Each structure stands twice: as C-alpha cells, then as structure tokens.
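Reviewing the structure listed below.
Residue numbers (our numbering): 3 to 292.
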C-alpha cells in the first residue's frame, strides 16, 4: 500500500496512491472510513490503523473515490528525524574514512522536512550545499531496546529521502557545526509517498540513484550498507524510544558533491531527483533562500 499526505481544498488529509509509470492517482480513504485520522502519523498511532487504511484504500480504489491536491511530505512533522552517517561501504571508501564500528547518529529538526516538488532553499550564508540520496525508514510502533531480529516488526514502511548538507558549516567551521549544516529549513525532502513494509521484499538490497539536472551523480545499492536497517533500529532504540511516525535517514552512497574533483554543489535552478525502485520519484528544485 502507498499512502501520501495531500493538501486539498478541504484541508490536509491522508490518501492512498496508485503509481503507474510515475503518474500518480490519489484516492480518498476517509470517504470510506471518515473515522481515520487525517494525518499519517495519526493512522500509525492506532493499533489497527494501517489495516483500516488498507481496507479503505481497496474500497476507495474500487469505487473510484479520486481526490486531487498538492503533495506534502508523507509525514510533515515527524517527532524525530534521525540520520545515520557514513553507512555505505563504497561511500566510506570514497571519503577515505575507516568503516565505523557502530552507527554514526545525528538528527535534523522536523522543520527541515519538505515534500516532493517543494524547493530546497539555500541559505545565503551557506556556499557549499551538497546532495545525499537516502532510504528513509518510517517507524510504525513504539519500541525501545528491540533486538535486531524483532526490529522489522516496528517498521511501518519506507520512502525516498534527501539529506541536504551545507558542508561549509557541517565540517568547515571551527569545531564543526553538524546541526546547523544538516538541519536548515528545507534540508530534508521526503516522499512522494510512504510504501508499507510488506511491499518491500528486502530494504537492505535496493538500488538507489540521484540525478542532478539529468546527470547521474549517485548510483549504488543498499546492499552496501555497513549497518542494516534492523541493526540501526536495534542500536538507536537502546537510547531512544522510537514512536509511530519517527523517521530514520539511513545514510548516503558515493558520488556526493564534496568528494568530486572539482566539487559539485547545489545551485539555484538545479533539479534534484532521487529514485529507489518501488518508492516512486522524489523531485525537488533548488532555490536561493529569500
């Protein structure tokens, strides 16, 4: 099942999605079950939320209950936006850094989250803003201290993500300004929709690609993960209670702009596109922040 968040004339609501060759059709699941929450995070917070949404989606599609609007991030305001750094073997080799012994964790604020087609806005103070395609995990059930074996039970689904990074702040300032370099407004595009975990056979074996203005810049596979999705959840849940709607960016493959010679950074007018099979296409233009 594919679920998205749509801004409609009647307000923000959750819809089911049919994706045929990247032509998206939206169906109004609340026209079938009006007791469903309007937010995806609200649906995930219900014990039977996804089951009810699935039943409503099937009926809405059969009844052709189509609805139109503007796509937002699937989860516009996640409680936690966790990120894993240096999690692809080929990316670690690209940067000349040793493989970490444990997941390298940082976070973004939810104010950095935007949806498909919304612009990535470069702050005037940032001059070296980089792109990073990522697989994003969405938590579906509250969990703490879960085992690697049980971790998959707490995953609601997956989506494309873009970990935009101002390198001149992240690593170029005295002492490093990881937080500021990573969590500027608009620096966490996600979408276009969430795909429930049952539709993804193996999240640790998915191709992942980013194109910039039509040129392929990143092209790898999550089978290059240093730490699998399940290992990441096991690790972070030792410290944090993960809750429905929390999202985890799982790291980026090689080909990032700062590792190129000469470096390639995002510029106003650029078009960044991320594609993971089964998860649709995440497309964001780049603008200067005004």
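We put the beta carbon where it would ideally sit given N, CA and C, even for glycine. What you are looking at is a predicted structure, and each value in this text was computed from that prediction instead of being measured.
Check: Considering only the beta carbon of each residue, do residue 136 and residue 163 sit closer than 9 Å?
Finding: Within the chain shown, residue 136 is the residue found at index 134, counting from 1. Within the chain shown, residue 163 is the residue found at index 161, counting from 1. Yes; because the gap between Cβ atoms is below 9 Å, this pair is in contact.
Notebook entry, point to check: Taking the alpha carbon of residue 245 as the point to measure from, which residue in 147, 107, 226 and 124 has its own alpha carbon closest?
Noted result: One-based indexing of the chain shown puts residue 245 at position 243. For residue 245, the nearest C-alpha among the options comes from 147.
Check: With a cut-off of 8 Å, do at least 3 Cβ pairs link the region 156–171 to the region 273–287?
Finding: yes
Notebook entry, point to check: In whole angstroms, what is the alpha-carbon distance linking residue 266 and residue 215?
Noted result: Reading the chain shown from its first residue, position 264 is the one you call residue 266. Reading the chain shown from its first residue, position 213 is the one you call residue 215. If I take the Cα positions, the gap works out to 12 Å.
Next item on the list: Within the region 139–223, note down every full beta strand (DSSP E) run reaching 3 residues or more, in order along the chain.
Entry: DSSP runs (the beta strand (DSSP E)) wholly in the region 139–223: 157–164, 190–198, 209–214 and 217–223.
Next item on the list: Tell me the start and end of each unbroken alpha helix (DSSP H) in the region 66–144 that is at least 4 residues and wholly inside, in chain order.
Entry: Listed in chain order, they are 91–97.
Next item on the list: Apply the 10 Å Cβ neighbour rule to residue 127 and answer buried if 16 or more other Cβ atoms are within range, or exposed otherwise.
Entry: Counting from one through the chain shown, the residue named residue 127 turns up at place 125. So residue 127 counts as exposed.
Checklist line | Assigned exposure category for residue 218 - 16 Cβ within 10 Å defines buried | finding: Counting from one through the chain shown, the residue named residue 218 turns up at place 216. Counting Cβ neighbours within 10 Å, residue 218 comes out exposed, since fewer than 16 surround it.
Next item on the list: Just mark residue 248 as buried or exposed, buried being the case when its beta carbon has 16 or more other beta carbons within 10 Å.
Entry: Reading the chain shown from its first residue, position 246 is the one you call residue 248. Burial call: buried.
Next item on the list: Return the bridge partner residues of residue 276 from the DSSP annotation.
Entry: The residue you call residue 276 lines up with position 274 of the chain shown. For residue 276, which the question treats as bridged, DSSP gives the partners 212 and 284.
Check: Rounded to the nearest angstrom, how far is the Cβ of residue 236 from that of residue 153, given a contact under 8 Å?
Finding: On the chain shown, position 234 is the one that residue 236 refers to. On the chain shown, position 151 is the one that residue 153 refers to. Yes, they are in contact, since the Cβ atoms of residue 236 and residue 153 sit about 5 Å apart, within 8 Å.
Notebook entry, point to check: Apart from the five residues just before and just after residue 101, which ones in its own chain have a Cβ nearer than 6 Å to its Cβ?
Noted result: To locate residue 101, count along the chain shown from 1; it is residue 99. So the list reads 94 and 228, once near-sequence residues are dropped.
Next item on the list: Report the option in 143, 66, 160 and 168 whose CA atom is closest to the CA atom of residue 203.
Entry: Taking the first residue of the chain shown as position 1, residue 203 is located at position 201. For the options 143, 66, 160 and 168, the alpha carbon positioned closest to that of residue 203 is the one of 160.
Notebook entry, point to check: What distance in whole Å lies between the Cβ atoms of residue 16 and residue 42, which are believed to be in contact at a cut-off of 8 Å?
Noted result: Residue 42 sits at position 40 when you count from the first residue of the chain shown. Residue 16 sits at position 14 when you count from the first residue of the chain shown. Correct: roughly 5 Å between the Cβ atoms.
Item checked: Span separating the alpha-carbon of residue 58 from that of residue 33 -> Here residue 58 is taken as the residue at index 56 of the chain shown, counted from 1. Here residue 33 is taken as the residue at index 31 of the chain shown, counted from 1. So the alpha carbons of these two residues sit roughly 8 Å apart.
Next item on the list: Please say whether residue 5 and residue 74 have beta carbons closer to each other than 9 Å?
Entry: As a position in the chain shown, residue 74 is number 72, starting the count at 1. As a position in the chain shown, residue 5 is number 3, starting the count at 1. Their beta carbons are not under 9 Å apart, which means residue 74 does not touch residue 5 by this criterion.
Margin query: Less than 9 Å between the C-beta atoms of residue 64 and residue 28, yes or no?
Written below: Position 62 of the chain shown, counted from the start, is the residue given in the question as residue 64. Position 26 of the chain shown, counted from the start, is the residue given in the question as residue 28. Between residue 64 and residue 28, the CB-CB gap reaches or exceeds 9 Å.
Note to self: Looking at residue 1: is its Cβ nearer than 9 Å to the Cβ of residue 139?
What the structure shows: A question about residue 1 goes unanswered here, because the residues of the chain that appear run from 3 up to 292.
Check: Is residue 88 near residue 253, with beta carbons less than 9 Å apart?
Finding: Taking the chain shown and counting its residues from 1, the one referred to as residue 88 is at position 86. Taking the chain shown and counting its residues from 1, the one referred to as residue 253 is at position 251. The answer is yes: Cβ separation under 9 Å.
Item checked: Inter-residue spacing [alpha-carbon to alpha-carbon] between residue 56 and residue 175 -> In the chain shown, counting from the first residue as 1, residue 56 sits at position 54. In the chain shown, counting from the first residue as 1, residue 175 sits at position 173. Distance between the alpha carbons of residue 56 and residue 175 is about 48 Å.
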